[in-house]
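Okay, so the sequence shown: first residue is 18 according to my numbering, each after it adds one.
Glycine residues also receive a C-beta, built at the ideal position from the N, C-alpha and C atoms.
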Amino acid sequence: REKGGAIAAPQIGVPSRLIVYEDPPGEVNDLSSEERTLQRRTEPFGPKAIFNPRLRRPSNKTAVLWERNPCMPAYRALVERPISVQVMGTDPTGKPVDYRAVGWEARLV
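#1: By DSSP, does L125 sit in helix, in strand, or in coil?
#2: I think P64 touches V37, with their Cβ atoms under 8 Å apart; what is that distance to the nearest whole Å?
#3: Using only CA atoms, which one of G120, V31, T59, D108 lies nearest to R71?
#4: How close, in whole Å, do the beta carbons of A66 and L35 come, if the pair is a contact with beta carbons under 8 Å?
#5: Using alpha carbons as the reference points, say which of R117, V96, R98 lies closest to M105.
Here it is, written out as structure tokens:
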């Protein structure tokens, strides 16, 4: 099990439009303040699940950081991503969600 991160349903053989992501306290608290600043990780957050996710209005400002995929943990790459993005979809109870993901959360989704 990964200690935080994100995975999409098709990555584990589930034919659904679903993303699940989290940044648990243990993962964030183990970072130095310099790493937290660089990665824009301010506060930990529990697991979030979004069905039929739609990402809109990515910020023009980006950050380049090392990433790896839990499906291929031996490989890493520098990846440029926007530092914020609008996230829309449905939560597991069927309730619509619409929020701005910023920093590390934007990178995960």
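Taking the definition as stated:
#1: Translated into the one-based positions of the sequence shown, residue 125 becomes position 108. Helix at L125.
#2: The sequence position of residue 64 within the sequence shown is 47, counting from 1. The sequence position of residue 37 within the sequence shown is 20, counting from 1. Between V37 and P64 the Cβ distance is about 6 Å, and since that is below 8 Å, they are a contact.
#3: In the sequence shown, residue 71 corresponds to position 54, counting from 1. Closest by alpha carbon: D108.
#4: As a working note, residue 66 is residue 49 in the sequence shown. As a working note, residue 35 is residue 18 in the sequence shown. Rounded, the Cβ-Cβ distance is 7 Å, consistent with contact.
#5: Along the sequence shown, one-based indexing puts residue 105 at 88. Of R117, V96, R98, the residue nearest in Cα terms is R117.
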